[in-house]
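Student:
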Ligand SMILES: C[S@@+](CC[C@H](N)C(=O)[O-])C[C@H]1O[C@@H](n2cnc3c(N)ncnc32)[C@H](O)[C@@H]1O
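Residue numbers (our numbering): 122 to 600.
(1) Look up residue 380 in the DSSP assignment and say whether it is helix, strand or coil.
(2) Look up residue 522 in the DSSP assignment and give the residues it is bridged to.
(3) Alpha carbon to alpha carbon, what distance is there between residue 560 and residue 576?
(4) What residues in its chain sit with their C-beta under 6 angstroms from that of residue 210, if we drop five residues either side in the sequence?
(5) For residue 518 and residue 588, what's the separation of their Cα atoms in angstroms?
(6) Going along the chain, which unbroken runs of the alpha helix (DSSP H) with 4 or more residues stay wholly within the stretch 141 to 196?
(7) What is the DSSP secondary structure of residue 367, counted as helix, strand or coil?
(8) If you reduce the DSSP assignment to three classes, tell me which class residue 279 lands in.
(9) Do you know offhand how far residue 284's Cα is from residue 341's?
(10) Heavy atom of ligand 1 less than 7 angstroms from the Cβ of residue 620, yes or no?
(11) List the endpoints of the continuous beta strand (DSSP E) containing residue 574.
(12) Name the DSSP beta bridge partners of residue 422, please?
(13) Can you tell which of 229, 142, 346 has the C-alpha that lies nearest to the C-alpha of residue 256?
(14) Cutting at 7 angstroms between CB atoms, please list the residues of its own chain near residue 438, excluding the five before and the five after it.
(15) Closest by CA to residue 164, which one among 482, 264, 181, 187?
(16) For the stretch 326 to 336 against the stretch 367 to 380, do three or more pairs of beta-carbon atoms, one drawn from each stretch, fall closer than 8 angstroms, so that the two count as touching?
(17) Answer yes or no: the CB of residue 286 versus the heavy atoms of ligand 1, is any distance below 7 angstroms?
(18) For residue 174, is the classification buried or exposed, using 16 other Cβ atoms within 10 angstroms of its Cβ as the cut-off for buried?
(19) By the DSSP assignment, the alpha helix (DSSP H) with residue 325 in it spans what residues?
(20) According to DSSP, is residue 498 helix, strand or coil?
(21) The beta strand (DSSP E) spanning residue 218 covers which residue range?
(22) Using a threshold of 7 angstroms, is the CB atom of residue 546 nearer than that to any non-hydrogen atom of ligand 1?
(23) Which class does residue 514 belong to by DSSP, given the choice of helix, strand or coil?
(24) One question on the structure: do residue 207 and residue 242 come within less than 8 angstroms of each other, judged by their Cβ atoms?
(25) Return the first residue and the last residue of the alpha helix (DSSP H) that residue 234 is part of.
(26) For residue 560, does the three-state DSSP call read helix, strand or coil?
(27) Between the Cα of residue 413 and the Cα atoms of 532, 261, 391, which residue gives the shortest distance?
(28) Determine the closest residue to residue 277 out of 581, 409, 521, with distance taken between C-alpha atoms.
(29) Going by DSSP, what residue range makes up the alpha helix (DSSP H) through residue 589?
(30) So, at 7 angstroms on beta carbons, what are the nonlocal neighbours of residue 415 in its own chain, with the 5 sequence-adjacent residues on each side left out?
(31) Can you tell me whether residue 303 is buried or exposed? The criterion is at least 16 other CB atoms within 10 Å of its CB, across all chains shown.
(32) I'd like the list of long-range same chain contacts for residue 357, defined as Cβ closer than 8 angstroms, with 5 residues on each side in sequence excluded.
(33) Measure the C-alpha to C-alpha separation of residue 288 and residue 194 and round it to an integer number of angstroms.
(34) Please classify residue 445: is it buried, with 16 or more other beta-carbons within 10 angstroms of its beta-carbon, or exposed?
(35) Grouping DSSP H, G and I as helix and E and B as strand, with all else coil, what is residue 440?
(36) With DSSP as the reference, identify every bridge partner of residue 349, one or two as the case may be.
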């Protein structure tokens, strides 16, 4: 199995992706809310990524946090070569890549504040899974945070069966329909049958089609794709002295789509958080988790109150909050200040100061801080706002926009660029030459002219405004 995995990654390039849920700024906030006192801040920390592929997740972190130190390991030599090339092109000196098999790799006494293992646990054979968790357990510093992503059971069960069937059907595919053709046929056949089961199967097939062969070959249809029970992962982690803190994004602790009444029915389980979470997986059909752990010896804050939210930066995630999200003048004023800061983040304490200024004598610090802290905690758990430890400031749209040196390198390699919130932004092939022209030498008008000749369907001005709102455009150094 491990050889099949090795062969796949040495012969085919894994899609270049970044993962917002495994960003130290987000992990730090989630760990603090999970009880870790003073987790390392992203702007001064040591980060290890195990299975870093070509570094598309790690490199933008190194560019963003020049005082922190980053190390990526992977057993694909082509991926490591590409990662090193990108680091050199962007002039990054705080990142290293090692070509190594994690089962044999020796960290040589180094330990880390953050260890990231995204796309690893479910996608490797059992002995590699064991070695991965052992490596994390040995190399995580006290108060350190490990982020481990995996596919979950029971949500993934039918998908696993579907994947086996598609692989078998692929071997009989004499008509050359390919995976997409097989999936389309299965989805259509299933949709003819009106049962909930058939709808579920059809939805799985359609979702696989959306992923496309580039991802499917590594994921659902890869040589290894083992969904795992949450409780199983916790047992393995515990054997390696790792203690579960929660999910890496606060809102993922309660899977979306669950009715509040469903949660009420789980009330008797609140004393058993592990069984509670596994039951949530059963009820929601969740298919993936990104869980965070710290070392078993780390002291946790025994009564983490909602006031921890006051330490962070906050960002509005919705264009407008649901009706009834604001109660009273204090929260309404706070939310208006939050909306005014978007798309940038704002420090919670700065927003509170702005509210105090606005409300004058009607601002009672003791009442206001409590109301805001508890609203923020709920809002972050519902996915209305994001809490993070690092500020993300979006400057005004520059006259001659330029991508960061790393993103410029990615654009020239026809790869997706990574925005200020760590999401990868992909472009159609016809737009790539306009993306690569975001090098600080073109005015907006010049970009419009360039697009008219190479990508006539691209409406440049709103496109620039969109890229700008994602924090991708900077003033060129020469301006
Ligand atoms: C699914 S990809 C995930 C890449 C990246 N972490 C991400 O999520 O975008 C898995 C990566 O792990 C690497 N890998 C798998 N088994 C490994 C092992 N035993 N030692 C080192 N790297 C390994 C592969 O080469 C591949 O780059």
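In this text, a Cβ means the ideal position worked out from N, Cα and C, and glycines have one as well.
Tutor: Quick answer:
(1) Reduced to three states, the DSSP call for residue 380 is coil.
(2) According to the DSSP secondary-structure assignment, residue 522 is paired through a beta bridge with 596.
(3) Cα to Cα, residue 576 sits roughly 18 angstroms from residue 560.
(4) Excluding its 5 nearest sequence neighbours in each direction, residue 210 has C-beta neighbours in its own chain below 6 angstroms: 530, listed in chain order.
(5) Residue 518 and residue 588: Cα-Cα distance of roughly 9 angstroms.
(6) Segments of the alpha helix (DSSP H) lying fully in the stretch 141 to 196: 145 to 154, 179 to 185.
(7) Of the three classes helix, strand and coil, the one that applies to residue 367 here is strand, per DSSP.
(8) DSSP places residue 279 in helix when its eight states are reduced to three.
(9) Distance between the alpha carbons of residue 284 and residue 341: 6 angstroms.
(10) Residue 620 cannot be examined here, being either before or after the span of the chain that is shown, 122 to 600.
(11) Not the beta strand (DSSP E): residue 574 falls in the alpha helix (DSSP H), residues 565 to 575.
(12) Within the DSSP bridge table, the entry for residue 422 names no partner.
(13) Ranking the options by Cα distance to residue 256, first place goes to 229.
(14) Hits under 7 angstroms: 504, 505, 506, 507.
(15) Nearest of 482, 264, 181, 187 to residue 164, Cα basis: 187.
(16) The stretch 326 to 336, when compared against the stretch 367 to 380, does not touch it at the 8 angstroms Cβ threshold.
(17) Residue 286 Cβ: outside cutoff for every heavy atom of ligand 1.
(18) When all chains shown are included, residue 174 counts as buried.
(19) Residue range 317 to 332 is occupied by the alpha helix (DSSP H) that includes residue 325.
(20) Secondary structure at residue 498: helix, using DSSP grouped into helix, strand and coil.
(21) According to the DSSP assignment, residue 218 belongs to the beta strand (DSSP E) that extends over 216 to 220.
(22) Relative to ligand 1, residue 546 has its C-beta separated by 7 angstroms or more from all heavy atoms.
(23) In this structure, DSSP gives residue 514 a state outside helix and strand, which the three-state scheme calls coil.
(24) Judged by their CB atoms, residue 207 and residue 242 are not nearer to each other than the 8 angstroms cut-off.
(25) Taken as a continuous stretch (DSSP letters only), residue 234 belongs to no alpha helix (DSSP H), being part of the beta strand (DSSP E) at 233 to 238.
(26) Residue 560 falls in the strand class under three-state DSSP.
(27) The shortest Cα separation from residue 413 among 532, 261, 391 belongs to 261.
(28) When each option's Cα is compared against that of residue 277, the closest is 409.
(29) Taken as a continuous stretch (DSSP letters only), the alpha helix (DSSP H) holding residue 589 covers 581 to 590.
(30) Correct list, in chain order: 152, 157, 264, 265, 266, 364, 366.
(31) Answer is buried; the Cβ neighbour count reaches 16.
(32) Taking residue 357 as the centre and dropping the five residues before and after it, the same chain places the C-beta of 250, 251, 254 closer than 8 angstroms to its C-beta, in chain order.
(33) Our two residues, residue 288 and residue 194, have alpha carbons roughly 30 angstroms apart in a direct line.
(34) Per the 10 Å Cβ criterion, exposed.
(35) Under the three-state reduction of DSSP, residue 440 is assigned to coil, being neither helix nor strand.
(36) Residue 349 is bridged by DSSP to 273.
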